[in-house]
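In the working numbering, the protein residues as written are 2 to 188.
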């Protein structure tokens, strides 16, 4: 499903200090909705281009940087073709985040799991922990998406923005079913 830039322009105008062209260009280049990028950036950094999360530096020797909280792992940087310092440039950071999201969508389909995978690689988790972590994060992004769209857009716009992602249930308190766990373990 394609999304109209027209539906996100009023949203972009409400975000002072941002170069809306960066969001739109990255979304178009990587075929992801601008509004979803904005919701992820809001969830990740609170829309702070200078945000640095070093809460896991002792464990991973990496930090998360900028709007999209792109990880500074050398393998991630090499894959993106950027340096750690490049991630402090807002447009580069937005583009990197859009590419990562696009790669997650390519792997997991256009689902909430892909959104959750943006935040949780699940390297050291059981399948159940991974699914719970990803769904918890996806719920946070969904709530941000609704906060951003619901007040300023007609209901049909925000439903259309989230519609492709509705194929995965966002159950925040219900444990995953055996089928979901089996599916997650197979990934």
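Think of the CB as a built atom: it goes at the ideal place given N, C-alpha and C, for glycine as much as any other residue. Everything numeric in this text was worked out from a predicted model, so none of it was measured.
field: Cα-Cα separation between residue 148 and residue 120, rounded to whole angstroms
entry: Going from the Cα of residue 148 to the Cα of residue 120 covers about 20 Å.
message: Using the Cβ count rule (16 or more neighbours within 10 Å means buried), how would you classify residue 96?
response: Burial call: buried.
field: Buried versus exposed, by CB contacts within 10 Å (16 or more), residue 29
entry: Note on residue 29: under 16 other CB atoms within 10 angstroms of its CB, so exposed under the neighbour-count rule.
Selected residue, minimal CA-CA separation from residue 46, among 98, 80, 23: It is 98 whose Cα lies nearest to the Cα of residue 46.
- request: Taking residue 109 as part of the alpha helix (DSSP H), name the residues at either end of that continuous run.
  value: Per DSSP, residue 109 is one residue of the alpha helix (DSSP H) stretching across 91-109.
- prompt: Would a C-beta distance cut-off of 7 Å place residue 100 and residue 31 closer than the cut-off?
  reply: Yes.
- prompt: What's the gap between the Cα of residue 48 and the Cα of residue 129?
  reply: Approximately 30 Å between the Cα atoms of the pair.
message: To the nearest angstrom, how far is the alpha carbon of residue 144 from that of residue 83?
response: Whole-angstrom Cα-Cα distance: 31 Å.
- request: Give the secondary structure of residue 71 by DSSP, where H, G and I count as helix, E and B as strand, and everything else as coil.
  value: In the three-state reduction of the DSSP assignment, residue 71 falls in the strand class.
Distance, residue 25 Cα to residue 62 Cα: Here the alpha carbons of residue 25 and residue 62 stand approximately 32 Å from one another.
Which residues DSSP lists as bridging residue 66, in chain order: According to DSSP, which records beta bridges pairwise, residue 66 is partnered with 53, 71.
task: Check each candidate in 108, 103, 65 and name the one with the smallest Cα separation from residue 87.
output: From the listed residues 108, 103, 65, the smallest Cα separation to residue 87 is found for 65.
message: For residue 41 and residue 125, I'd like the C-alpha separation in whole angstroms.
response: Distance between residue 41 and residue 125, taken at the CA atoms: about 23 Å.
field: Host alpha helix (DSSP H) of residue 117 (start-end)
entry: For residue 117, the enclosing alpha helix (DSSP H) starts and ends at 113-120.
- request: Quick one: grab the DSSP three-state call for residue 28.
  value: Residue 28 sits in a helix when the DSSP states are folded into three classes.
- request: Would you kindly check if the distance between the Cβ of residue 35 and the Cβ of residue 141 is under 7 Å?
  value: Not closer than 7 Å, so no.
message: According to DSSP, is residue 123 part of a helix, a strand, or is it coil?
response: Coil, per DSSP.
field: Enclosing alpha helix (DSSP H) for residue 146 [first to last residue]
entry: Annotation for residue 146: the continuous alpha helix (DSSP H) segment containing it runs 128-150.
message: Within a Cβ cutoff of 7 Å, which residues of the same chain sit near residue 103, ignoring the five residues on either side of it in sequence?
response: Here the set comprises 31, 32, 33.
- request: Give the single residue among 137, 70, 54 whose Cα lies nearest to the Cα of residue 92.
  value: Residue 70 holds the alpha-carbon nearest to the alpha-carbon of residue 92 among 137, 70, 54.
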